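Visitor:
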Amino acid sequence: MSTDPAPNPHATAEQVEAARHDAKLANVLYHDWEAGSYDEKWSISYDERCITYAADRFRLVAGDTGWPYGRALELGSGTGFFLLNLMQAGVATRGSVTDLSPGMVGAALRNAEHLGLDVDGRVADAERIPYDDATFDLVVGHAVLHHIPDVELALREVLRVLKPGGRFVFAGEPTRIGDAYARRLGALTWKATTTLTKLPPLQGWRRPQTELDESSRAAALEAVVDIHVFDPAELEDTARRAGAMDARVVTEEFSAAMLGWPVRTFEAAVPPGKLGMRWAMFAYRSWQRLSWLDENVLSRVVPRAWFYNALVTGIKGGPVG
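In the UniProt record's numbering, the protein residues as written are 1 to 321.
1. Between residue 190 and the rest of its own chain, which residues show a CB-CB distance below 7 Å, the 5 nearest in sequence each way excluded?
2. So who's on the other strand from residue 125, going by DSSP bridges?
3. Go ahead and pull the three-state DSSP assignment for residue 47.
4. Considering just the uninterrupted stretch of the alpha helix (DSSP H) at residue 186, what are its terminal residues?
5. Tell me the rounded alpha-carbon separation between residue 226 and residue 320.
6. Return the Cβ separation of residue 98 and residue 70 in integer angstroms, given the expectation that the two are a contact with Cβ distance under 8 Å.
7. Does DSSP put residue 77 in a helix, a strand or coil?
8. Please state whether DSSP places residue 92 in a helix, a strand or coil.
9. In the DSSP assignment, the alpha helix (DSSP H) including residue 157 goes from what residue to what residue?
10. Our contact map puts residue 313 next to residue 168 with C-beta atoms below 8 Å; I'd like the distance itself, whole angstroms only.
11. Taking residue 66 as the reference, which of 235, 166, 46 has the closest Cα?
12. Thinking C-alpha only, which one of 100, 131, 173 is nearest residue 251?
13. Ordered along the chain, which non-local residues of its own chain (more than five positions away) have a Cβ less than 8 Å from that of residue 49?
14. Quick check on residue 276: buried or exposed, where buried means 16 or more other Cβ atoms within 10 Å of its Cβ?
15. Name the residue from 134, 125, 192, 273 whose alpha carbon lies nearest to the alpha carbon of residue 151.
16. Please state if the CB of residue 95 and the CB of residue 119 are separated by a distance shorter than 8 Å.
17. Looking only at its chain, what residues have a beta carbon closer than 6 Å to the beta carbon of residue 2, apart from the 5 residues adjacent to it on each side?
18. With a Cβ-Cβ cutoff of 8 Å, do residue 85 and residue 171 count as a contact?
19. What are the partner residues of residue 330, as DSSP defines its beta bridges?
20. Could you tell me which residues DSSP puts in a beta bridge with residue 148?
21. Just how far apart, CA to CA, sit residue 56 and residue 89?
22. Drop a sphere of 10 angstroms on the beta-carbon of residue 255, count the other beta-carbons inside from all chains shown, and report buried for 16 or more, exposed for fewer.
23. Measure the beta-carbon distance from residue 292 to residue 260 and round it to whole angstroms, keeping in mind my assumption that it falls under 8 Å.
24. Starting from residue 327, follow its DSSP beta bridges and name the residues at the other end.
25. Within 10 angstroms of the Cβ of residue 241, are there 16 or more other Cβ atoms? Answer buried if so, exposed if not.
26. Check this for me: beta carbons of residue 107 and residue 79, under 8 Å apart or not?
27. Classify residue 63 as buried or exposed, calling it buried when 16 or more other Cβ atoms lie within 10 Å of its own Cβ.
28. Taking Cβ positions, are residue 175 and residue 229 nearer each other than 8 Å?
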């Protein structure tokens with residue numbers, strides 16, 4: 001029988017206030033709060049679009065040799081976006097999901113069951129991973145390191161549970177410069193959208209005020225759970241200090257991030273379903289084109305620290321059994 005705690009999707013005002021001074025509590029409350037709508041909010045799917053996205057992120061930083069890995073662990077799995085899509089792409093054959101949020105672990109396991117994937121799950125702290133030494137062939141995460149108070153300690157734990165020769169890959173981590181312009185663009189988009197939709201001709205595009213207020217409270221918690229931003233060189237150094245071999249950081253999304261953050265913010269500010277599939281495909285295709293521009297042109301002239309996303313990989317040393 002599972003001993004994991006039950007999710008708490010309706011935090012009290014007192015809990016929210018306490019979370020402002022406790023990053024781990026904030027992570028639990030925020031992600032339990034978001035678990036039921038997280039996939040919709042971030043346009044997450046488990047079809048070819050996100051399978052390709054996840055595999056491309058993995059391939060960008062770690063290549064495609066060694067596939068399939070045997071058993072893979074995802075830290076801070078959320079609803080399972082990264083690991084489940086990597087498994088569907090053939091990167092790993094068996095998976096384990098962990099998250100501080102019981103709601104997110106439950107959502108990830110439901111998604112895995114729906115997809116017919118061999119996945120188990122635990123509520124877990126990334127600084128104290130509840131698995132034995134040398135259990136996994138691969139450890140992955142997406143947009144998780146910036147939530148962890150002690151990143152170096154977490155990476156030491158990752159290397160502990162990896163088998164010798166095993167690899168870790170973390171993607172979707174905000175750079176210091178990228179986070180600054182992304183947050184500014186998001187805040188401007190939110191203010192413009194929520195202001196303009198007060199006008200009578202545009203009120204059909206406005207979410208109910210109660211939903212906007214709830215989003216604002218979630219955003220307040222989000223500001224607490226986002227602990228770190230990263231300089232690529234410093235993140236490489238952190239991985240090396242933790243004991244990783246062949247530590248490497250690459251970055252992506254410059255012009256694509258300048259489109260992506262306003263688009264995601266706009267989508268969150270209008271009623272669900274209002275924009276439709278044509279908008280979704282426009283946004284996705286535009287992001288694809290700008291990502292191509294970033295990878296093939298701008299990466300040659302723009303410093304890597306200016307790109308929004310950092311991806312880090314490393315290998316556990318020792319004799320391979």
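By construction, the Cβ of each residue, glycine as well, lies at the ideal position given by its N, Cα and C atoms.
These numbers were taken from a predicted model, which means no experiment stands behind them.
Guide: The relevant details are as follows:
1. 265, 269
2. 128
3. coil
4. 176-196
5. 36 Å
6. That belief does not hold up - the Cβ atoms of residue 98 and residue 70 are roughly 17 Å apart, past 8 Å.
7. coil
8. strand
9. 151-161
10. 6 Å
11. 166
12. 173
13. 284
14. exposed
15. 125
16. yes
17. A caution first: residue 2 carries a pLDDT of 49, below 50, which makes its placement in the model unreliable, though a value can still be read off. Same-chain partners within the cutoff: there are none.
18. no
19. Since the first residue shown for the chain is 1 and the last is 321, residue 330 is missing from the structure and cannot be characterised.
20. Bridge partners of residue 148: none, in fact.
21. 10 Å
22. buried
23. Incorrect: roughly 14 Å between the Cβ atoms, too far for contact.
24. Outside the modelled stretch of the chain, which goes from 1 to 321, sits residue 327, for which no answer is possible.
25. exposed
26. yes
27. exposed
28. yes
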